[in-house]
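Numbers given in the numbering used here equal positions in the sequence shown, counted from 1, plus 7. No residue lacks a Cβ here, since even glycine has one placed at the ideal position from N, Cα and C.
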Amino acid sequence: MVELGLVDTFKALYRSPHTRRTTERLLALTRELSTDQGQILAAWAIELLDAEGENERDSVIDAVILPLACAVPNSLTHVYIDLIERRVLYPSVLFHNATIDSRKLLARRLREGIDDEYELRDTVQAFAWVDDSVVHSAFSHWQQTPPSWATRLWLPLQSYPVAAGWYVTGDGMRHPLYHQTCYHLAPTASVEGVPSTSVSEPVGVITLHEGHCPWCDLRLVTLFDLHGDTPKLAFLDLGIDRLCIAMCVRCTGYTTIYMDIDTQGDSRWSRYNVRPDYLGPTGEYRLPTEQKLMLGPPRRTPFEAHRYITDRGISQIGGYPTWEQDARFPTCPICRRLMPFIGQLHWTDIEEFGAGTTYAYYCRDCRIAATNYESS
Ligand SMILES: [Zn+2]
Ligand SMILES: [Zn+2]
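As structure tokens, this is what we get:
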């Protein structure tokens, strides 16, 4: 028996006038749904798509289907085929974890040929998001023998799996670029019973580093001080007990900044950094004075901070990055592979007038960390 209270509340709220407030309440409700309740609403969303026509389509996707995909695990399991048949392929993250049947249908569409360029792009991207062994083999095979439609894509074919958070090497091996586990970085004051400056926290967020930026002489800050030896952060599989990822508050805004990580897990400015021509206006950069975020509750999926469903509270450790634009996993300067994502800081979470997001990455094999930034 599925408890229908939340489902009915959701439906009623969806039918009320759409304001920012109702959108936020719908998302908050979605986060409370069980998988069963999510599946009922997913089926209802398909009915809405059929009944309401084109005008309502975006609203159903943005307010119901995408939040379900990002916040309620397995809620779309029974509707993937319905979505494909109705050409609902975007945002393609909908298809993370999609069923074998739906992957077969996407593959068949590609084989049979897709005339529309947008639909072709979205189908390839959805197929990449399914991310199972058949998909890995397909992209590995296409590296050697590109399909005829690959020339009609606007981006290189191998950028599609990267946007879905993985890549394959020539031997068919899949390499993940993000973690399935994800913890919200919550305001320190909101986590009850824990002092705000506890040194035993699994992660420190923005603390002063002893070094200075060799380009602009600003004091470096440690974006994340990760205690990899604590159970909550074991999923990061850092290979060292502690990892401090330092950055320059100013220069990380203009290029990817690399840090060599020593055996103690501390950051040293890397010789691989390449100074860009422009490093912004020579103004004041305020450095943070106290820790304001701490490891909060786990998220239910790696995608809860997707940019189309929320712009609040998106700072996190683990999970999939909240890109503002295209995927920007940096290349490790030593092994030349893409670097897996570790976590992100959304500056509005710690500064009233903060903007944009700083992303952190780590190549475990080469012990190199990186940070880059996107403005909002
Ligand atoms: Zn600097
Ligand atoms: Zn590397």
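- In the DSSP assignment, Ile53 falls outside any beta strand (DSSP E) and within the unbroken alpha helix (DSSP H) covering Thr42 to Glu59.
- Under the DSSP definition of a beta bridge, Glu381 partners with Thr364.
- As DSSP reads the structure, Trp276 sits in a beta bridge with Met266.
- By the Cβ neighbour-count rule, Arg306 is buried, with 16 or more other Cβ atoms within 10 Å of its own.
- Annotated three-state conformation of Ala241 is helix, per DSSP.
- Trp136 places its beta carbon less than 7 Å from that of Ser99.
- Going by C-alpha positions, Leu250 is about 25 Å away from Arg181.
- Taking the Cα of Leu227 as reference, the smallest distance to any Cα among Thr317, Thr130 and Arg293 is reached at Arg293.
- Inclusion of Trp222 in the 6 Å shell around ligand 1 follows from its C-beta lying nearer than that to a non-hydrogen atom of the ligand.
- Annotation for Glu39: the continuous alpha helix (DSSP H) segment containing it runs Arg27 to Glu39.
- The three-state secondary structure of Pro74, taken from DSSP, is helix.
- The alpha-carbon of Asp232 is positioned some 38 Å away from that of Thr84.
- For Pro168, there is no enclosing beta strand (DSSP E); the residue is found in the alpha helix (DSSP H) stretching over Ser166 to Ala170.
- When beta bridges are read from the DSSP output, Gly325 appears opposite Cys189.
- Taking 8 Å as the upper bound for CB-CB distance, Val14 and Leu48 are in contact here, some 6 Å apart.
- For Tyr87, the enclosing alpha helix (DSSP H) stretches over residues Tyr87 to Glu92.
- For Ile341, the shortest separation between its Cβ and any heavy atom of ligand 2 lies below 6 Å.
- Closest in alpha carbon position to Trp149, among Ala241, Gln165, Thr130 and Val281, is Gln165.
- Bounds of the alpha helix (DSSP H) holding Phe146 are Ser140 to Gln151.
- DSSP, reduced to helix, strand and coil, places Phe310 outside both helices and strands of the structure shown, so it counts as coil.
- Cβ-Cβ separation between Asp236 and Asp248: approximately 4 Å, consistent with a contact (criterion under 8 Å).
- In the three-state reduction of the DSSP assignment, Glu208 falls in the coil class, being assigned neither a helical nor a strand state.
- Inter-residue distance for Lys299 and Pro340 is about 32 Å (C-alpha atoms, whole angstroms).
- Assignment of beta-bridge partners to Phe17 by DSSP yields no partner.
- By the Cβ neighbour-count rule, Ser140 is exposed, with fewer than 16 other Cβ atoms within 10 Å of its own.
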